[in-house]
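Here the sequence shown is numbered in UniProt numbering, starting from 1 and rising by one per residue.
To start, the structure under review is shown below, and the notes come after it.
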Amino acid sequence: MGKYEYVILFFIYGLAFFSMGISALQQKEMKISNFQLLKSIRYLGIFGVTHGITEWVIMLRIIGIYAEFDFRLFLIQISLNTLSFAFLLIFGMRLLKGTNQLTKTSYIPMVLFLIWTAAVVYSMYLHDDYKFWFPFYSALGRYFLGFPATLITAFALLKESKTMNSLKLKKIALNYKGMAFCFIIYGVLAGILVGEKNFFPANVINKELFYRIFGFPVELGRGITAVIVTLLFIQAIDIFRWEANEKIIQLTKMQLINNERRKLAREIHDGIIQNLFATGLQVENLLEIESNLEHEKKLVEIKSNLNDTIDQIRNFMAKMVTKRIEIEDLKASLLELIHQFRKISDLDITFHYNIPAVVLGYLSPDKSTHIYYIVQEALYNVCKHAEATKVKVKLASDLNTVIVSVQDNGKGFKTDAVYNGKNYGIISMKERAAMIHGSVTIDSTSRGVKVLLTVPWEEEDNEKEN
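This is the structure we're talking about:
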């Protein structure tokens with residue numbers, strides 16, 4: 001390929017990733033979503049933008065119109081390239097772990113990038129031959145950040161594709177698998193196949209070997225892969241529209257259900273129950289004027305039967321109305337519970353609600369009740385044993401589970417006491433969680449205790465269609 005063919009190639013190559021990055025960053029306002037991809041998408045967006053700019057910087061160096069600034073352009077090129085891989089690694093790790101919270105491993109990509117930057121600065125201080133050292137450090141960045149980032153991202157996308165399949169979103173699941181496959185290919189082309197160097201593996205597996213085998217430059221393969229990834233990604237983010245439509249459908253269903261419940265409740269109350277009450281009053285009037293003891297006894301039985309019938313109707317209405325508990329109902333119950341604990345203790349209790357406007361699952365009354373009592377037990381333990389001043393209660397969710405945590409700043413305790421029968425409250429929490437197919441984990445340190453409860457949503461009766 002000639003000089004101008006390379007210029008066109010790198011322009012398209014950069015444009016593909018830049019377009020993907022802009023598309024991803026446009027979705028960043030979706031801070032609360034049921035889908036982990038949408039929660040982590042800004043990191044993929046930053047990768048796309050910085051990686052696209054990197055290819056355009058290479059394009060400028062090929063053209064040579066700013067030859068006097070080649071040192072600076074080369075430095076910008078390798079820095080942006082390595083930084084972009086760091087953000088791709090962050091994206092892949094968060095997508096794989098299924099969390100948007102900072103953890104100990106969240107800092108690994110940036111720590112690696114800072115170490116790489118320090119090494120580059122050190123070599124610039126000691127050596128003047130940047131045309132040797134910059135390609136060397138560019139290769140290291142590709143080996144230690146680029147290749148792992150693409151593999152982890154690919155594995156995370158494959159994991160997400162299974163979730164999409166479970167939701168009957170087969171087209172989007174196929175796009176995820178396609179993106180995963182392309183990231184694996186890109187990882188080999190951009191993370192392993194570097195320019196030939198005098199160290200392993202660059203002295204054996206390199207761009208020159210690729211050209212000798214396939215007859216075209218590795219940059220062409222990277223560019224084609226970039227275009228395919230971008231096209232698949234743009235189709236995959238249809239999940240935004242699907243989720244928005246699903247929320248509208250669920251809101252409409254909830255409104256219709258609530259309207260029907262209110263209508264039925266009014267009809268039963270104004271019709272059947274009122275008629276039974278009226279009949280009961282008539283029986284009471286008869287009791288006042290009835291002198292025959294046998295008749296009076298029968299009237300009392302009738303009155304009792306009427307009251308039992310009213311109670312049965314009310315119980316039926318309660319079961320019918322509470323067959324499906326929305327997450328807002330659980331939120332209201334927990335807020336009332338927290339209010340009660342604030343009144344009986346000096347604890348500063350805060351409540352954090354991190355759930356999408358409309359979730360894709362629901363809770364049975366049984367699960368909601370057990371969650372309530374587990375949180376109650378956790379707060380009771382804080383009041384009684386923790387010697388804490390602050391407690392944070394958090395209610396969150398993802399596609400598959402409801403997540404409740406109770407965290408205090410108390411003195412902690414020895415967790416082995418839980419397993420030798422000395423802490424019946426915690427044993428009770430674990431038993432309750434097991435009864436609703438959930439789990440309770442307890443993390444205790446000298447800085448406090450965190451109780452984490454995860455409970456699966458009830459399964460929807462109707463299957464979702466793509």
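Here a beta-carbon is modelled for each residue, glycine too, at the ideal position from N, C-alpha and C.
Note that this is a predicted model, so its numbers are computed, not measured.
query, result
"If we ignore side chains and look at the alpha-carbon of each, how far apart do L151 and G438 end up?", "32 Å"
"P456 by DSSP, collapsed to three states: which one?", "strand"
"Excluding five sequence neighbours on each side, which residues of the same chain lie with their C-beta closer than 7 Å to the C-beta of K323?", "Any reading at K323 must be qualified, since the residue scores a pLDDT of 48, below 50, and its modelled position is unreliable; the value itself is stated next. Result list for K323: empty, nothing under 7 Å."
"Select from S333, T454 and T82 the residue whose C-alpha is nearest the C-alpha of T50.", "T82"
"Taking Cβ positions, are I436 and V455 nearer each other than 8 Å?", "yes"
"Helix or strand or just coil, what does DSSP make of K104?", "helix"
"Check whether the Cβ of L38 lies closer than 7 Å to any heavy atom of the ligand COA, and answer yes or no.", "This structure simply doesn't include the ligand COA, nor any ligand for that matter."
"Alpha carbons only, please: which of G45, I442 and A278 is nearest the one belonging to I374?", "I442"
"Span of the beta strand (DSSP E) holding D329?", "It is not in any beta strand (DSSP E) - D329 instead sits in the alpha helix (DSSP H) that spans I327 to I344."
"Are there 16 or more other CB atoms within 10 angstroms of the CB of T67, so buried, or fewer, so exposed?", "It should be pointed out that residue 67 corresponds to Ala in this sequence rather than to Thr. A67 should be labelled exposed."
"Which residue marks the beginning of the alpha helix (DSSP H) containing A190, and which one marks its end?", "K170 to G191"
"Rounded to the nearest angstrom, what separates I349 and Y372 at their Cα positions?", "16 Å"
"As a quick exercise: from V402, Q312, I403 and K392, pick the residue whose alpha carbon is nearest that of N409.", "K392"
"Just verifying my parser: in three-state terms, what is the DSSP assignment at T389?", "coil"
"Evaluate contact between the stretch 218–235 and the stretch 172–191, counting only Cβ atoms and requiring at least three cross-stretch pairs below 8 Å.", "yes"
"Apply the 10 Å Cβ neighbour rule to H339 and answer buried if 16 or more other Cβ atoms are within range, or exposed otherwise.", "exposed"
"Could you check which residue in K168, S166 and E160 has the C-alpha nearest to that of K177?", "E160"
"Over the uninterrupted beta strand (DSSP E) stretch that includes F200, give me the two end residues.", "Run containing F200: none; DSSP gives neither H nor E here."
"Classify R342 as buried or exposed, calling it buried when 16 or more other Cβ atoms lie within 10 Å of its own Cβ.", "exposed"
"Going by beta-carbon coordinates alone, are S23 and I237 separated by less than 8 Å?", "yes"
"Roughly how many angstroms separate the alpha carbons of I310 and V404, rounded to a whole number?", "38 Å"
"Does the stretch 107–118 come within contact of the stretch 126–133, defined as at least 3 CB pairs closer than 8 Å?", "no"
"Under 6 Å Cβ to Cβ from S138, same chain only, skipping five residues before and after it: list those, please.", "I78"
"Say whether chain B places a C-beta atom closer than 8 Å to the C-beta of S368.", "Reference to chain B is not applicable here, since this structure consists of a single protein chain."
"For E463, is the classification buried or exposed, using 16 other Cβ atoms within 10 angstroms of its Cβ as the cut-off for buried?", "Residue placement at E463 cannot be trusted, given a pLDDT of 41 that sits under 50; the coordinates are not used to answer."
"Hey, quick one: how far does the alpha helix (DSSP H) through F233 stretch, first residue to last?", "V218 to A236"
"Have a look at N175, W457, L174 and L299 and flag the residue whose alpha-carbon is nearest the alpha-carbon of D366.", "W457"
"Would you kindly work out how many angstroms separate the C-alpha atoms of T389 and D346, rounded to a whole number?", "7 Å"
"From E29 to I41, what distance separates their C-alpha atoms?", "Low per-residue confidence applies at E29: pLDDT is 49, beneath 50, and the placement is therefore not dependable enough to give any value."
"Under DSSP, the alpha helix (DSSP H) around D128 begins and ends at which residues?", "Here D128 belongs to no alpha helix (DSSP H), and DSSP marks it neither H nor E."
"Just verifying my parser: in three-state terms, what is the DSSP assignment at I355?", "coil"
"If you count every other CB in all the chains shown that lies within 10 Å of the CB of V121, and 16 or more means buried, which is it?", "exposed"
"Using 8 Å as the threshold, is the C-beta distance between A156 and L88 below it?", "no"
"Please determine, among I355, F85, N400 and G425, the residue with the shortest C-alpha to C-alpha distance to F147.", "F85"
"How would you label N275, buried or exposed, when you count the other beta carbons within 10 angstroms and need 16 or more for buried?", "exposed"
"What residue does the alpha helix (DSSP H) around residue 467 start on, and which one ends it?", "Shown here, the chain extends from 1 to 466; a query on residue 467 therefore has no answer."
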